[in-house]
Amino acid sequence: MPPVLARLAVVAAAVLFSTGGAAIKATALSGFAVAAARSAVAALVLAAVVRPHRRLASAGVWIVGCAYAATMVSFVIGNKLTTAAHTIYLQSTAPLYLLVLGPLVLEERLRRRDVAAGACVAAGLAVLLSADVPASSVATDPTTGNLVALGAGIAWALTLLGLRMLAVRGEDRAAPAATVAGNVLAAIAAAPFATIPADLGWSDVAAVAYLGAIQIGLAYVLLTRAIAHVSALEASIVLLLEPVLSPAWAYLLHGEAPGTVALVGGALVLAGAALQLVRTDRAD
0 MPPVLARLAV VAAAVLFSTG GAAIKATALS GFAVAAARSA VAALVLAAVV RPHRRLASAG
60 VWIVGCAYAA TMVSFVIGNK LTTAAHTIYL QSTAPLYLLV LGPLVLEERL RRRDVAAGAC
120 VAAGLAVLLS ADVPASSVAT DPTTGNLVAL GAGIAWALTL LGLRMLAVRG EDRAAPAATV
180 AGNVLAAIAA APFATIPADL GWSDVAAVAY LGAIQIGLAY VLLTRAIAHV SALEASIVLL
240 LEPVLSPAWA YLLHGEAPGT VALVGGALVL AGAALQLVRT DRAD
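In structure tokens, the structure reads:
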């Protein structure tokens, strides 16, 4: 793949990922129903494309899949209960937890730049949790939703930690299998709690199909096809478009405007993530 097309593919993946919050809010299905159906569709699409069957025999893949499943379900529930901005920003606090887990679990050396980036993310987290978010038709319980979204950030940190552990063990190509496993587990875990409204419409079906096949499936395929042709730093920075665009889609489609405090908190979280990315690249 030519470098220009690879960069465009990463941008397209980031844009598709960013539409998740708005699409989740567009359906009348319950959070658990969306989580179950979205992950079921995504698992089918990804299994057909990446064909991870051999690696699914690894116990480590399924352990990492558990963390990824928790991320997927928490992200959906969070978006149903609080704003898209809070959900994606709180999930993006994962580097803060890795600041502690990396040295403890993998014995990774902690550097000053990591502490600085972590402090920035921690400040953003404090600001986000202090924000007064009013309830609305598309954010029915912001306080609970913020806690669930915070859980998504912790689960995402555990997912990244698990993938890193697999790489250390020589299973660096296990990420696609872990993604499929995580979606399978998310669908199984959420299904028993799913409720289907009596007035289920085609728009609800279309939203779920889009979330599974396009927002997760196609975006992941684009990213995996492009990642071999762009640097890890470049891809990581471009993927920061997701938390930038996610609140914009929610505003355009649902009129859900993030408050000033949320934007400040989100900016601090993203600044911390970007700081860690750029400084790590310079150190390398």
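Quick note, the sequence shown lines up with residues 0 to 283 if you use numbering that gives the first Met the number 0. Each residue gets a CB set at the ideal place from its N, CA and C atoms; glycine is no exception. Quick caveat: nothing in here was measured; it's all calculated off a predicted structure.
Residue i (DSSP reduced to helix, strand or coil)
{"i": "S129", "result": "helix"}
{"i": "A173", "result": "coil"}
{"i": "S29", "result": "coil"}
{"i": "A197", "result": "coil"}
{"i": "S202", "result": "helix"}
{"i": "A138", "result": "strand"}
{"i": "L239", "result": "coil"}
{"i": "G254", "result": "coil"}
{"i": "R224", "result": "helix"}
{"i": "P94", "result": "helix"}
{"i": "L160", "result": "helix"}
{"i": "E233", "result": "helix"}
{"i": "P2", "result": "helix"}
{"i": "R110", "result": "coil"}
Backbone CA spacing between residue i and residue j [nearest angstrom]
{"i": "S129", "j": "R50", "result": "44 angstroms"}
{"i": "A190", "j": "T81", "result": "22 angstroms"}
{"i": "D283", "j": "A197", "result": "Because D283 carries a pLDDT of 49, less than 50, the predicted location of this residue cannot be relied on, and no value is offered for it."}
{"i": "T178", "j": "Y67", "result": "7 angstroms"}
{"i": "L221", "j": "P133", "result": "37 angstroms"}
{"i": "L267", "j": "L162", "result": "26 angstroms"}
{"i": "T142", "j": "T86", "result": "11 angstroms"}
{"i": "A56", "j": "M164", "result": "17 angstroms"}
{"i": "M0", "j": "A227", "result": "9 angstroms"}
{"i": "A121", "j": "V72", "result": "24 angstroms"}
{"i": "W61", "j": "V183", "result": "10 angstroms"}
{"i": "G117", "j": "G19", "result": "26 angstroms"}
{"i": "S136", "j": "G254", "result": "11 angstroms"}
{"i": "A174", "j": "A148", "result": "23 angstroms"}
{"i": "Y209", "j": "R111", "result": "42 angstroms"}
{"i": "K79", "j": "A156", "result": "22 angstroms"}
{"i": "G59", "j": "T92", "result": "24 angstroms"}
{"i": "G150", "j": "L28", "result": "22 angstroms"}
{"i": "T26", "j": "Q90", "result": "22 angstroms"}
{"i": "T259", "j": "A206", "result": "29 angstroms"}
{"i": "V204", "j": "Q214", "result": "14 angstroms"}
Cβ-based neighbour list, residue i, same chain, cut-off 6 angstroms, excluding 5 preceding and 5 following
{"i": "P246", "result": "A83, A84, P257"}
{"i": "L284", "result": "The structure shown does not extend to residue 284, since the chain is modelled only from 0 through 283, so no value can be given for it."}
{"i": "A186", "result": "A35, S38, A39"}
{"i": "L100", "result": "L160"}
{"i": "L361", "result": "Because the chain here runs from 0 to 283, residue 361 falls outside it and cannot be looked at."}
{"i": "N145", "result": "T81, H85"}
{"i": "A218", "result": "A12, L15, F16"}
{"i": "E286", "result": "Any property of residue 286 remains undetermined from this structure, which presents the chain solely from 0 to 283."}
{"i": "A42", "result": "V179, N182, V183"}
{"i": "A176", "result": "P51, R54, L55, V60"}
Nearest-angstrom Cβ-Cβ length linking residue i and residue j, presumed shorter than 8 angstroms
{"i": "L239", "j": "L269", "result": "6 angstroms"}
{"i": "Y96", "j": "G152", "result": "7 angstroms"}
{"i": "C119", "j": "G271", "result": "3 angstroms"}
{"i": "T70", "j": "T158", "result": "6 angstroms"}
{"i": "V126", "j": "V75", "result": "24 angstroms between Cβ atoms; not a contact."}
{"i": "L98", "j": "V167", "result": "Their Cβ separation, rounded to whole angstroms, is 18 angstroms, which puts L98 and V167 out of contact at 8 angstroms."}
{"i": "G123", "j": "G264", "result": "5 angstroms"}
{"i": "K24", "j": "A188", "result": "Incorrect: roughly 22 angstroms between the Cβ atoms, too far for contact."}
Own chain, CB closer than 7 angstroms to residue i, minus 5 neighbours either side, in chain order
{"i": "F192", "result": "F31"}
{"i": "V14", "result": "L240, L244"}
{"i": "D113", "result": "L98, Q275"}
{"i": "P242", "result": "I87, Y88, S91, G265, L269"}
Neighbourhood of residue i by C-beta distance below 8 angstroms, restricted to the same chain and skipping five residues each side
{"i": "V48", "result": "G216, V220"}
{"i": "V9", "result": "L221, L222, A225, I226, V229, E233, A234, V237, L238"}
{"i": "T139", "result": "K79, L80"}
{"i": "P2", "result": "H228, V229"}
Query raised in the report: Which whole runs of the alpha helix (DSSP H) in the region 12-84 are 4 residues long or more, in chain order?
Result: 19-24, 30-49, 58-80
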